[in-house]
Structure formats: C-alpha cells, structure tokens
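J.: When the letters of the sequence shown are read in order and numbered with the working numbering, they come out as residues 27 to 191.
For each residue, glycine too, the CB sits at the ideal point set by N, CA and C.
What follows is a structure written as structure tokens; I'll ask about it next.
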Amino acid sequence: MEIDDWNEELSPWKAPAVFKDACFGGGAVKTLEKILMLCSDKKKYYIGGYSLAGLFSLWAAYQTDVFTGIAAVSPSVWFPGFIDYMREHEIKSKTVYLSLGDKEEKTRNPVMAQVGNCIRSGYDWLKKCGVDCTLEWNSGNHYREPDMRTAKAFAWILHQDMRAE
C-alpha cells in the first residue's frame, strides 16, 4: 500500500510539528482499516516499517491481533505520548523487533533526542509484558542503511515465528 502523506496517514493521533510546520494528522486508523481489508483471509501477516512507518506498525500491534510479528525499525517512538500509550494498552502481537541507530538520539531537536530513552523504555515494557522482543542497536544515524536494517527486522520476526511452531 502506498502512503502519500506520512505525517497524516501514519500518525496515531494529532500532534504538533517536530520539524518546520508539518503537523501530525492522526490518520493511522484509516490507514490500518485499508491494510486490514487486505488481510481478510487466514494467512499469517507481518507488519513493519521504518521511521514513522515503524511507529505505525508498533501502534497497529495494539489495535489488532492480525499481525504475527512487528518489525519496528528506527520507529518514531519519540512521538508525543506514545510510550505512555504502550503502558496503558495491551499489545496484541507476541513478537516485536525494535532497532535504532546508535547516533539517532544525538540530535539538537529536543523531541527527537528522546528517541533513545523512549526505545529503551518501550523495549523494557514489552519484555515485562512477556513479548518476544529484541532491541538491536545499529551503527550510524537514522538514515544509515534503512533497507538492510528493515530486511534484518523481517528476517528476525520470521525466524522467531518459525521457532515458535
């Protein structure tokens, strides 16, 4: 499925802009509804993404049990209120891969600089909830090797699923 406006279509709720004037629109519910229409049979489905798409994928795991595994690669867990949301709701997927670049939290932007603390907190919470979860630290910043990192994430959740069978 193609996304035209990431800030609108992938954000779980409205939030102020982090860069310039691009506010977050809170259209994730509509996006998830479209995805779920494609997942109406009895097959196994996995969802994942990079950056805001990673946040969307992690959020989707709290909305539905359709997804066997979640690949949240450099997810925007700095998103206002997201870690609190994780703690206040029950995740419906039992396998989650998280990753972050080791330089991502080294930024001047005060909101985005919290990404390291947020991902550590989110990972600890998922483990406490009994989720089969890993947190992988990658060399570099947010923009380093997104394709390779996403592929590694999906490989991990598929491997975990095969082990569970």
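#1: Report the partner residues of D158 according to the DSSP bridge assignment.
#2: Sort N143, L78, Y111 and D187 by Cα distance to K132 and report the nearest one.
#3: Would the beta-carbon of P38 fall within 7 angstroms of that of A54?
#4: With H, G and I counted as helix, E and B as strand and the rest as coil, what does DSSP make of I183?
#5: Count the C-beta pairs between the segment 177-184 and the segment 95-115 that are closer than 8 angstroms, then say yes if the count reaches three, no if not.
#6: Would K120 and V92 be called neighbours here (beta carbons separated by less than 7 angstroms)?
#7: Can you name, in chain order, every residue of its own chain whose Cβ lies under 8 angstroms from the Cβ of Y71, other than the five neighbours on each side?
#8: Have a look at the DSSP bridge pairing and note the partners of W163.
#9: Going straight from the alpha carbon of F45 to that of S102, what length do you get?
#10: State the start and end residues of the unbroken alpha helix (DSSP H) segment that holds T57.
#11: Are there 16 or more other CB atoms within 10 angstroms of the CB of G107, so buried, or fewer, so exposed?
#12: Which whole runs of the beta strand (DSSP E) in the segment 66-144 are 3 residues long or more, in chain order?
#13: For E171 and R189, I'd like the C-alpha separation in whole angstroms.
#14: Ordered along the chain, which non-local residues of its own chain (more than five positions away) have a Cβ less than 7 angstroms from that of R113?
T.: Considering the structure as presented:
#1: In the sequence shown, residue 158 corresponds to position 132, counting from 1. For D158, which the question treats as bridged, DSSP gives the partners T121.
#2: As a first step, residue 132 must be located in the sequence shown, where it is residue number 106. By alpha-carbon distance to K132, the top candidate from N143, L78, Y111 and D187 is N143.
#3: Numbered from 1 along the sequence shown, position 12 holds the residue referred to as residue 38. Numbered from 1 along the sequence shown, position 28 holds the residue referred to as residue 54. It is a contact, given that the beta carbons lie within the stated cut-off.
#4: Within the sequence shown, the letter at position 157 stands for residue 183. I183 carries a helical assignment under DSSP once its states are collapsed to helix, strand and coil.
#5: Pairwise C-beta distances place the segment 177-184 in contact with the segment 95-115, as three or more of them are shorter than 8 angstroms.
#6: To locate residue 120, count along the sequence shown from 1; it is residue 94. To locate residue 92, count along the sequence shown from 1; it is residue 66. Contact check for K120 against V92 fails: the beta carbons are separated by 7 angstroms or more.
#7: Stepping through the sequence shown from its first residue, residue 71 is reached at position 45. The beta carbon of Y71 lies closer than 8 angstroms to those of C65, V92, F93 and T94 in the same chain, with the five residues before and after it left out.
#8: In the sequence shown, counting from the first residue as 1, residue 163 sits at position 137. Paired residue(s): L126.
#9: Residue numbering aside, residue 45 sits at position 19 when the sequence shown is read from its first letter. Residue numbering aside, residue 102 sits at position 76 when the sequence shown is read from its first letter. Distance between the alpha carbons of F45 and S102 is about 13 angstroms.
#10: Position 31 of the sequence shown, counting from 1, holds the residue named residue 57. Per DSSP, T57 belongs to the alpha helix (DSSP H) from A54 to L64.
#11: In the sequence shown, the residue the question calls residue 107 occupies position 81. Per the 10 Å Cβ criterion, exposed.
#12: Along the length of the segment 66-144, whole beta strand (DSSP E) runs at least 3 residues long occupy 71-76, 93-99 and 121-127, reported in chain order.
#13: As a position in the sequence shown, residue 171 is number 145, starting the count at 1. As a position in the sequence shown, residue 189 is number 163, starting the count at 1. Answer to the nearest angstrom: the Cα atoms are 27 angstroms apart.
#14: For the purposes of this step, residue 113 is taken as the residue at position 87 of the sequence shown. Only W151 meet the Cβ criterion.
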